[in-house]
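Taking our numbering, I'd label the letters of the sequence shown as residues 49 to 571. Here a beta-carbon is modelled for each residue, glycine too, at the ideal position from N, C-alpha and C. Quick caveat: nothing in here was measured; it's all calculated off a predicted structure. Below is one structure; the comments refer to it alone.
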Amino acid sequence: MITKNRIINALAIFIMLWSMGCKDSITSGDKIVQEKFRPQFHFTPEKAWMNDPNGMVFYEGEYHLFYQYFPDSTVWGPMHWGHAVSTDLIHWEHLPIALYPDSLGYIFSGSAVVDINNTSGLGTEDNPPLIAIYTYHHIEKERAGKIDYQYQGIAFSLDKGRTWTKYAHNPVLPNPGIRDFRDPKVFWHQDTQKWIMILAVQDRIHLYSSKNLKEWSFESEFGQENGAHGGVWECPDLFKIKVNASSEEKWVMLLSINPGGPNGGSATQYFVGDFDGNTFVPDHNSVKWIDFGKDNYAGVTWSDIPETDGRRLFIGWMSNWQYGQEVPTETWRSAMTLPRNLELINAEGDYLLTSMPVAEFDTLKKDKVEINDFRFSGQKEMELKNFNLMSSEINVTLEPMEASQNGDATSFGIILENESKEVLKIGYDVLAKQFFVDRNGVDKVFKHTGYLNKAVAPYVMNKSMKLKIILDTSSIEIFVDDGQLVMTEVLFPDYPFNSFSFFSNLGSIDVKQTEFVEIESIW
Ligand code: FRU
């Protein structure tokens, strides 16, 4: 006889087996979450080596993120395009590798566009193709001492980026006899009704145009006299953007440079100017950096963000070629920065590109601890019981009182410490007029000289300094004064930071609008 109890038992066993089955299917995720330096809310590949973000495009409700990927090792090697999609820029679904190396070479960095009018003829009017435009790098040619081993190819997808077909007549832009000739970013130029390709060519830019993405003509060169030239130029971008609180529009060019960054190794500079479909004319000759930290490289922006959204969305590789291949992670290497929204402001006649985390990041915010405003001098540790600093956002405004300067010790800011007595110091040096992130004291695990470093940025504080600090397991992102100054740095502390103090060598500081917010894991 089937009794009620038996049914309940059978149900219980079924639920137990079912939940074990579920558990099994997330074991790999569990392992990932527990890895020592695994970021909890930054994009990382599940395993193996990753560098530049590539081919970011928005299509039919999905943000695509491709990336330089070598699936067989945790150091750089034959490049593929890894692939992930997201509907909110925060939670990512890992998809199969999109592009594999072929007889023309490794698949280096590039971009992707929606060819909405099917100008390429590679799709149909009803099903326009996604087109990826990338650099081929022919390693044997390079090893043989040739210089023409980089050229541009395209691939297309007719199924929302799930599968890709390489164009049969690649390359679409052969090498003209120039050693560094790579990283095409393509966009539709409305006024002249043509595609524009911006390409990094040694330490300058070449612009090309096309009607169909398959045949390209040279338009102009830019950069010989402009910007920083401490290394080769890579991963450019060019886009139109509205100046905040005005109807004015400008063009912004992003350009990564390696080496030659302001704090050593890789970094990304930008220019503000005008572009008429042929020539880019900058407004300034000064060097501007999108981020003064050591770990934001090769960042570019998403294509085809709907006008109704209107944002200029950016993501960068959160590493540096100085030490990226040596960082102490075991199963994978590198993460991306948080996706950021770029805005152009007119700061007393000077255009400034600001970066802030995208609003979608707010959906990960959990418990918030708000602190009443207070004043301190010397050092003041915050009491944070059961608060996970290593997955947190901290907002605070620091306002020095009358500066009672003590010799040349004139800095104030924040100190993070852990059980190994490792120390991370962040702050502002009033005399030097520099903001700084000093990770020299986070030195127990990773000892690379490029990593053990104090990164500084020119900064002139007005009355106070407003900070947004985002800490993940192995990174810190600092947005000063609503993103007017950004510092992004990787961190490999021996133990998680569990102590947070304010410090001042300067006299009293008012600490205002302080909040500590825990951030949920995306795994
Ligand atoms: C930038 C870069 C690109 C190149 C890619 C190769 O980090 O050097 O110029 O396309 O990485 O992986």
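Beta-carbon proximity list for residue i, same chain, < 8 Å, skipping 5 on both sides
i	result
G225	I195 and D196
V291	E297, K298, L392, I393, N394 and Y399
I423	Per the sequence presented here, residue 423 reads as Arg, with Ile not at that position. Cβ within range, chain order: M449, S556, I557, D558 and V559.
D322	K298, W299, F328, V329 and D331
T135	G109, E110 and Y111
Sequence-distant residues of the same chain with beta carbon closer than 6 Å to residue i, five excluded per side
i	result
L500	N488 and D491
E413	Reading off the sequence shown, one finds Lys at residue 413, where the question assumed Glu. The residues are V565.
S552	S425 and F460
Q250	D228
T379	K95
Buried versus exposed, by CB contacts within 10 Å (16 or more), residue i
i	result
T211	exposed
Q370	buried
S468	exposed
R191	exposed
N306	buried
T75	For T75, the predicted structure reports a pLDDT of 41, less than 50, and the residue's modelled location is therefore unreliable. A value from the coordinates is still provided. It is exposed - the Cβ of T75 has fewer than 16 other Cβ atoms within 10 Å.
R381	buried
H332	exposed
F266	exposed
S258	buried
K473	buried
S159	buried
S351	buried
I164	exposed
E431	exposed
Limits of the alpha helix (DSSP H) - the one that residue i falls within
i	result
R360	Where R360 is concerned, there is no enclosing alpha helix (DSSP H), although the beta strand (DSSP E) it sits in stretches over R360 to W365.
E94	Where E94 is concerned, there is no enclosing alpha helix (DSSP H), given that its DSSP letter is neither H nor E.
I187	I187 to R191
DSSP state of residue i mapped onto helix, strand, coil
i	result
G372	helix
I145	strand
F409	helix
Q561	strand
S73	In this prediction, S73 scores a pLDDT of 32, lower than 50, which makes its location untrustworthy; no coordinate-derived value is stated.
V81	helix
E378	coil
Q200	strand
V493	coil
F328	strand
Y117	strand
H28	The first residue shown for the chain is 49 and the last is 571, placing residue 28 beyond what the model contains.
V485	strand
Where the beta strand (DSSP E) through residue i begins and ends
i	result
R388	R388 to A395
M127	No beta strand (DSSP E) contains M127, which DSSP labels as neither H nor E.
H254	R252 to S258
K233	F229 to H237
Q317	A315 to F323
M245	K242 to V249
T349	Y345 to T349
I164	I164 -> no beta strand (DSSP E), and no H or E assigned at all.
E269	S265 to F270
Beta-carbon contacts of residue i that lie in its chain and below 7 Å, excluding the five residues immediately before and after
i	result
N368	G313, S314, K342, D343, Y345 and G498
S73	Unreliable positioning characterises S73 in this predicted model, as indicated by a pLDDT of 32, which lies under 50. The coordinate reading is nonetheless provided below. Taken in chain order, the list of residues that qualify is empty.
P405	L386, R388 and I518
T577	Here the chain covers residues 49 to 571 and nothing more, so residue 577 does not appear.
E173	N166
I80	R86, E94 and W571
> Taking only runs of the beta strand (DSSP E) that begin and end inside the region 425 to 482, which ones reach a length of at least 3 residues, in chain order?
Replying inline: 440 to 448, 459 to 466 and 471 to 477
> Can you give, in chain order, each stretch of the beta strand (DSSP E) that sits fully within the region 274 to 306 and has at least 3 residues?
Replying inline: Fully enclosed beta strand (DSSP E) runs of 3 or longer: 280 to 290 and 297 to 306.
>> Ignoring anything shorter than 3 residues, give me the beta strand (DSSP E) runs that lie fully in the region 496 to 569, in order along the chain.
In response: 502 to 506, 513 to 520, 523 to 528, 533 to 538 and 545 to 567
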